[in-house]
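Visitor: Going by the working numbering, the letters in the sequence shown line up with residues 780 to 1079, in that order.
We treat Cβ as the ideally placed atom computed from N, Cα and C, and that holds for glycine.
Below are the structure tokens for one structure; questions will follow.
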Amino acid sequence: MKTQLCFCCRVFLIAIGLIFVKNLAAQTEEVLYGKILDDKTKEPLPYANVYYSNTTIGTQSDANGRFKLPFIGLNHKLIISYLGYETIDFPLTERYPRQILVFQMLEQANEIKEVAVSSKRSKAWYNNLEVFKELAIGKGVFASQCKLLNPGVLQFTYDTANFMMRASATDVLKIENPAFGYLIHYSLTKFEYNVISRVYQIIGHPFFEPLSGNKAKEGRWEENQRLAYEGSFLHFSQSVHAHTLAQAGFKLHFVARLPNPDFDPDKSFDVATRALQKMPLYQATRNDNFYQQSIMKMEQ
780 MKTQLCFCCR VFLIAIGLIF VKNLAAQTEE VLYGKILDDK TKEPLPYANV
830 YYSNTTIGTQ SDANGRFKLP FIGLNHKLII SYLGYETIDF PLTERYPRQI
880 LVFQMLEQAN EIKEVAVSSK RSKAWYNNLE VFKELAIGKG VFASQCKLLN
930 PGVLQFTYDT ANFMMRASAT DVLKIENPAF GYLIHYSLTK FEYNVISRVY
980 QIIGHPFFEP LSGNKAKEGR WEENQRLAYE GSFLHFSQSV HAHTLAQAGF
1030 KLHFVARLPN PDFDPDKSFD VATRALQKMP LYQATRNDNF YQQSIMKMEQ
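In structure tokens:
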């Protein structure tokens, strides 16, 4: 199954990079200045969230919409989010010495804001939320400790013709990760899940706010991050790059996947997919669903 990493699992994969970026920010003397305005009125937007994606470095604009951040180098993405407005994703491809960058934010569509203020949620929404949390946050030991603090900002759609579930958020998602010691602010850009292929994609920009704790807690957080890192895909890819697979405990085997010449396709797949089309998303995605199990057996 092809997936992108969930919110909570990404924390330990980025932890090493966070240390480097944090040290770089502490050493640099360059500063990035900016101002945030409403696109139509040109009025300043106070207390907007401004941060570098995948880092712990961020701030808020002041009462006049102004902000400043340490410049941590090129090829980083500056993210600007504000409730009721479309998130800005600004790649830093050059330096801006002695300049004030002006960002003009667009309001979200009216229908999106109307859904956001609605306090009534259907049973289907709560069922879809469980599907989203299982895919995005996961069910492992560390992931089970994560908590989505503001699920109400999520909206779900399900296209039964294409078996595609989609999720969007009217505000930044906040996920508390007590196992690793972070509050994750996640600006969700894209979430798609295909019920038949079981392939899902999560794209967004996380900002990591360290939780406060004593020495004992900090020690547990570091140990949990180490345990999660060892044996992870990042550990593997770094070992490949450093030519240290054996030292890291990895063994690499090449396996050829060939079609089964004895496989005789029949109408079972069409029957299963038609049955799944008639089911609500929550039922169609269950692993114990008879038709899902039938499709998985066909793929073996």
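1) Considering only the alpha carbon of each residue, which of Asn-941, Ser-947 and Phe-942 lies closest to Leu-933?
2) Going by beta-carbon coordinates alone, are Ile-858 and Ser-966 separated by less than 8 Å?
3) Three-state secondary structure (DSSP) at Ser-923?
4) Short of 7 Å in beta carbon distance, which residues of its chain neighbour Pro-989, apart from the five on each side in sequence? Order them along the chain.
5) Answer yes or no: the CB of Trp-1000 versus the heavy atoms of the ligand GDP, is any distance below 7 Å?
6) So what does DSSP say about Phe-1069, is it helix, strand or coil?
7) Put Arg-945 into one of helix, strand or coil per three-state DSSP.
8) State the DSSP-derived secondary structure class of Leu-1024, mapped to helix, strand or coil.
9) Please classify Gln-1004 as buried or exposed, where buried requires at least 16 neighbouring CB atoms within 10 angstroms.
10) On the three-state DSSP scale, how would you describe Arg-877?
11) Drop a sphere of 10 angstroms on the beta-carbon of Thr-729, count the other beta-carbons inside from all chains shown, and report buried for 16 or more, exposed for fewer.
12) Which one of Pro-985, Val-910, Phe-935 and Gly-983 has the shortest CA to CA distance from Arg-900?
13) Check whether the Cβ atoms of Tyr-812 and Gln-883 sit closer than 8 Å, and answer yes or no.
14) Distance check for Tyr-905 and Gln-1072, CA to CA, integer angstroms please.
15) Quickly, what does DSSP pair Arg-845 with across the bridge? List them, please.
16) Tell me whether Met-1075 sits in a helix, a strand or coil according to DSSP, three-state version.
17) Around the Cβ of Lys-821, are there at least 16 other Cβ atoms within 10 angstroms (buried) or fewer (exposed)?
18) Do Leu-853 and Ser-840 have their beta-carbon atoms positioned less than 8 Å apart in this structure?
19) Let me make sure I understand the geometry here. Which of Tyr-972, Ala-922 and Leu-952 has the alpha-carbon closest to that of Tyr-861?
20) Would you report the Cα separation of Ala-1021 and Gly-931, rounded to the nearest angstrom?
21) When burial is assigned at 16 or more other CB atoms within 10 Å of the CB, is Tyr-826 buried or exposed?
22) Give the C-beta separation of Ile-916 and Ile-975 to the nearest angstrom, bearing in mind that I take them to be a contact with Cβ-Cβ under 8 Å.
Guide: If we stick to the structure as given:
1) The shortest C-alpha to C-alpha distance from Leu-933 to any of Asn-941, Ser-947 and Phe-942 is the one to Ser-947.
2) In this structure, Ile-858 sits near Ser-966, with a CB-CB distance shorter than 8 Å.
3) The three-state secondary structure of Ser-923, taken from DSSP, is helix.
4) The beta carbon of Pro-989 sits closer than 7 Å to the beta carbons of Thr-835, Gly-960 and Tyr-961 from its chain, once the five residues preceding and following it are set aside; these are given in chain order.
5) Within the structure as shown, the ligand GDP is missing, as the structure has no ligands at all.
6) Here Phe-1069 carries a helix assignment [DSSP, helix/strand/coil].
7) Assigned with DSSP and collapsed to three states, Arg-945 falls in strand.
8) Leu-1024 sits in a helix when the DSSP states are folded into three classes.
9) Its Cβ being crowded by 16 or more others within 10 Å, Gln-1004 is buried.
10) Judged by DSSP in its simplified three-state form, Arg-877 adopts coil rather than helix or strand.
11) Nothing in the structure corresponds to residue 729, since the chain is present only between 780 and 1079.
12) The shortest C-alpha separation from Arg-900 is found at Phe-935.
13) Going by C-beta atoms, Tyr-812 is not nearer than 8 Å to Gln-883.
14) Looking at the two C-alpha atoms, the distance is approximately 24 Å.
15) Looking at the DSSP output, Arg-845 shares a beta bridge with Lys-814.
16) Met-1075 falls in the helix class under three-state DSSP.
17) Around the beta carbon of Lys-821, fewer than 16 other beta carbons sit within 10 angstroms, so the residue counts as exposed.
18) Between Ser-840 and Leu-853, the CB-CB gap reaches or exceeds 8 Å.
19) Nearest to Tyr-861 by C-alpha distance, out of Tyr-972, Ala-922 and Leu-952, is Leu-952.
20) A straight line joining the alpha-carbon of Ala-1021 with that of Gly-931 spans about 44 Å.
21) Looking at its Cβ environment, which holds fewer than 16 other Cβ atoms inside 10 Å, Tyr-826 is exposed.
22) No, Ile-916 and Ile-975 are not in contact; Cβ-Cβ is about 23 Å, not under 8 Å.
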